[in-house]
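Once you know that position 71 of the sequence shown is 75 in our numbering, the rest is easy, because the numbers rise by one and skip nothing.
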Amino acid sequence: MTTPRGIISGEPGPALDANSPWPGLVAFREDSHQFFFGRAVELDDLFRRVRRETLTVLYAQSGLGKTSLLQAGLFPRLREEGFLPISIRLDFGEAEPGVRADADLPERQIAHALARAIKDRGLREASDPVAAPGPWEYLHDLDFALPDETGSPLVPV
Numbered sequence: 005m006t007t008p009r010g011i012i013s014g015e016p017g018p019a020l021d022a023n024s025p026w027p028g029l030v031a032f033r034e035d036s037h038q039f040f041f042g043r044a045v046e047l048d049d050l051f052r053r054v055r056r057e058t059l060t061v062l063y064a065q066s067g068l069g070k071t072s073l074l075q076a077g078l079f080p081r082l083r084e085e086g087f088l089p090i091s092i093r094l095d096f097g098e099a100e101p102g103v104r105a106d107a108d109l110p111e112r113q114i115a116h117a118l119a120r121a122i123k124d125r126g127l128r129e130a131s132d133p134v135a136a137p138g139p140w141e142y143l144h145d146l147d148f149a150l151p152d153e154t155g156s157p158l159v160p161v
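In structure tokens, the structure reads:
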């Protein structure tokens, strides 16, 4: 069975507009947040928890909109508040032919997700998380900083 495009692969789902504001089975993405509504109470609660707690776990039955809540609800709000949201979806599938075996390790996948978020945000002053021994070492380095365009530090989430 194959996964519909955009659900796990990170590839864009259908283009949304005012005449067609629903992505169907594909999760709402951050760039479609203007069409995501009706979950304000859940979003406010999740946002408060993420700001307050070191670890927040969001779990529910499949198909209830967790990914949409994160991508189209929480991520834009986090960006407004000085956070750098990082979407990480670990892939425990078999390695593709020709891909280095360590590239599939969870810590390497996390490092690449960090690097993508840094690149997408255009953070030129940030060091390369892929060059670090691991994500923990990267995030706990004494010189760690993710300055935004104005020099203000961003907090990775």
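Here a beta-carbon is modelled for each residue, glycine too, at the ideal position from N, C-alpha and C.
query, result
"Whole angstroms are fine: how far does the CA of residue 115 sit from the CA of residue 131?", "12 Å"
"From which residue to which residue does the alpha helix (DSSP H) around residue 116 run?", "110–125"
"Relative to the C-alpha of residue 139, which candidate in 109, 157, 49 and 55 has its C-alpha closest?", "109"
"Assign residue 88 to one of three DSSP states: helix, strand, or coil.", "strand"
"Per DSSP, what kind of secondary structure is residue 45 in: helix, strand or coil?", "helix"
"Using only the alpha-carbon positions, how far apart do residue 67 and residue 135 sit?", "36 Å"
"Between 30, 32, 75 and 29, which lies nearest to residue 51 when the distance is taken from Cα to Cα?", "75"
"Would DSSP call residue 10 helix, strand or coil?", "The predicted position of residue 10 is uncertain, since its pLDDT is 44 and thus under 50; no value can be drawn from it."
"From which residue to which residue does the alpha helix (DSSP H) around residue 143 run?", "139–143"
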